[in-house]
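Numbering (the numbering used here), first residue to last: 8 to 344.
Even glycine gets a Cβ: it sits at the ideal position worked out from N, Cα and C.
So the structure is just underneath, and the comments pick up after that.
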Amino acid sequence: MPPVPAPESATRPRGFRSDNNAGLVPEAAEALVACAGGHACGYGDDPWTDRATAAFRRLLGEEAEVFLVATGTAANTLAVAALTEPWQQVVCHRHSHWNDDESTAPERMTGCRTVPVENDPSKLLPEDIHRINANGRGDVHQPQPGVVTISNPTEFGTVYSPEETRALAEAAHAGGSRLHVDGARLANAVAATGGDARGLLTDAGVDAVSFGGTKNGLAFGEAIVLLPQGDGSEARRAAARLPYLRKASGHLLSKHRFVAAPFAATLESGAWLVHAAHANAMAARLGAGLADLGLAPAFPVQANGVFVRLPEAVHAGLQARGHGYYPFGDAADGLRI
Numbered sequence: 008m009p010p011v012p013a014p015e016s017a018t019r020p021r022g023f024r025s026d027n028n029a030g031l032v033p034e035a036a037e038a039l040v041a042c043a044g045g046h047a048c049g050y051g052d053d054p055w056t057d058r059a060t061a062a063f064r065r066l067l068g069e070e071a072e073v074f075l076v077a078t079g080t081a082a083n084t085l086a087v088a089a090l091t092e093p094w095q096q097v098v099c100h101r102h103s104h105w106n107d108d109e110s111t112a113p114e115r116m117t118g119c120r121t122v123p124v125e126n127d128p129s130k131l132l133p134e135d136i137h138r139i140n141a142n143g144r145g146d147v148h149q150p151q152p153g154v155v156t157i158s159n160p161t162e163f164g165t166v167y168s169p170e171e172t173r174a175l176a177e178a179a180h181a182g183g184s185r186l187h188v189d190g191a192r193l194a195n196a197v198a199a200t201g202g203d204a205r206g207l208l209t210d211a212g213v214d215a216v217s218f219g220g221t222k223n224g225l226a227f228g229e230a231i232v233l234l235p236q237g238d239g240s241e242a243r244r245a246a247a248r249l250p251y252l253r254k255a256s257g258h259l260l261s262k263h264r265f266v267a268a269p270f271a272a273t274l275e276s277g278a279w280l281v282h283a284a285h286a287n288a289m290a291a292r293l294g295a296g297l298a299d300l301g302l303a304p305a306f307p308v309q310a311n312g313v314f315v316r317l318p319e320a321v322h323a324g325l326q327a328r329g330h331g332y333y334p335f336g337d338a339a340d341g342l343r344i
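Right, here's the structure in full:
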């Protein structure tokens with residue numbers, strides 16, 4: 008096997024601006040090289056896809072259905088599209104990735120109305136779901152309950168606990184909706200809540216999860232995982248629809264092994280959780296250092312995101328020196344990530 012290139016020198020600048028800027032974790036890089044030679048069946052009929060599927064099922068339950076795609080936008084929109092009809096609605100937090108960062112892909116791919124709400128600054132609450140689902144159910148003039156979607160971790164780096172997730176699932180199911188988790192950084196949420204992915208998702212009543220790989224050290228790749236709840240009929244229906252939705256949207260990868268192999272390697276070895284826990288620890292270290300400087304993070308540092316309100320003079324000075332980070336949320340908040 009050809010050697011994997013050495014990582015960049017520790018003396019070179021690191022990009023704290025986004026986990027999208029990071030390279031590959033060693034396990035993912037080695038898996039790509041290992042599967043690169045020779046021939047294998049395309050479109051998912053390969054041993055790496057079988058391994059990845061088996062690894063997801065060991066993690067989340069043997070009845071889980073797994074569909075790999077290239078991007079987080081595809082994972083989120085196709086998962087929700089498989090669970091909904093175009094006359095339904097998708098309830099989310101106002102600052103969820105679904106509402107703030109997916110452009111018009113949610114409406115285009117699902118045909119559903121997006122209903123953003125904000126009660127808590129970073130999290131959706133069960134009372135938000137109860138309030139919305141109490142209005143218009145059964146009224147042909149109104150969109151009907153479809154899906155509740157949350158980001159875990161949230162866009163502000165806070166984490167839904169298993170108990171909070173279960174409360175949301177119960178509220179969603181009571182109103183006729185399903186619960187979807189946008190888990191672009193799911194590994195960080197799992198690491199932050201004790202490492203039990205099944206407890207955070209399957210046992211908490213989640214119907215579908217977009218299980219992120221890209222932001223946890225893979226070159227590309229996300230997994231749509233359907234988790235049967237109740238009698239399992241919703242998951243079976245979604246699983247029957249997803250192959251066609253994935254193909255119709257241009258997200259069926261021909262050389263499927265190149266997204267499957269890194270997932271298989273990182274899940275089988277446990278590296279997905281090790282790297283996420285390290286990222287969480289480094290974020291906590293950064294948050295503590297900022298607090299020591301009098302710049303306490305605006306939200307609890309529970310995953311791998313740190314949000315701080317910088318005085319304008321500090322912000323201008325850092326920008327002048329070429330430091331990069333994102334403004335986030337409403338401009339009046341002055342949040343930087």
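Can you tell me where the alpha helix (DSSP H) with residue i in it begins and where it stops?
i	result
P318	Counting along the chain, P318 falls outside any alpha helix (DSSP H), and DSSP gives it neither H nor E.
D355	The shown model of the chain, from 8 to 344, leaves out residue 355, and the question about it has no answer.
S240	240-255
G79	79-90
On a CA-only basis, which of the options is nearest residue i? Give me that one, please.
i	options	result
G68	N223, L234, Q151, E229	L234
T273	L293, L31, D26	L31
A81	G190, R120, N195	G190
Q309	G164, A88, H180	G164
S129	H100, A320, M116	H100
R328	A320, E170, P334	A320
G312	P93, A284, L300, L85	A284
Within the continuous beta strand (DSSP E) that includes residue i, where are the two ends?
i	result
A230	229-233
V213	Neither: V213 is in no beta strand (DSSP E) and is coded neither H nor E.
H100	95-100
When the distance is taken between beta carbons, is residue j closer than 7 Å to residue i?
i	j	result
S153	S184	A small fix is needed here, since residue 153 is Gly in this sequence, not Ser. In contact: G153 and S184 (Cβ atoms closer than 7 Å).
F270	A59	yes
V197	A179	no
G206	P150	no
A36	L225	no
C119	T161	no
T117	V87	yes
Cutting at 8 Å between CB atoms, please list the residues of its own chain near residue i, excluding the five before and the five after it.
i	result
S16	Confidence in S16 is poor, its pLDDT being 46 and thus under 50, which makes the residue's placement unreliable; the coordinate value appears in the next sentence. Cβ neighbours of S16 beyond the five flanking positions: none.
D53	A47, H263, R264, A267
N27	T221, K222
F227	A77, T78, G220, T221, V266
Using a Cβ-Cβ cut-off of 7 Å (strictly less than) and excluding sequence neighbours within five positions of residue i, which residues of its own chain qualify?
i	result
A176	L186, A211, G212, V213
G79	A191, S217, G219, T221, E229
W279	A194, N223, T273
Suppose the cutoff is 6 Å on Cβ atoms and the five residues either side in sequence are ignored; what does the same chain contact list for residue i look like?
i	result
A268	A38, C42, W55
E249	What sits at residue 249 in the sequence shown is Leu, not Glu. So the list reads F74, A89, once near-sequence residues are dropped.
T172	A211
G51	H263
V297	In the sequence as displayed, the identity of residue 297 is Leu instead of Val. V315, listed in sequence order.
Quick one: does the C-beta of residue i sit closer than 6 Å to a heavy atom of the ligand HEM?
i	result
A327	Absence of the ligand HEM from the depicted structure is noted, as is the absence of any ligand whatsoever, leaving it without description.
Stretch-stretch touch, CB-based, cutoff 8 Å, three pairs: the stretch 64-81 with the stretch 215-235 = yes
If we count Cβ pairs, one from each stretch, closer than 8 Å, do we get three or more for the stretch 123-139 versus the stretch 279-291?
-> no
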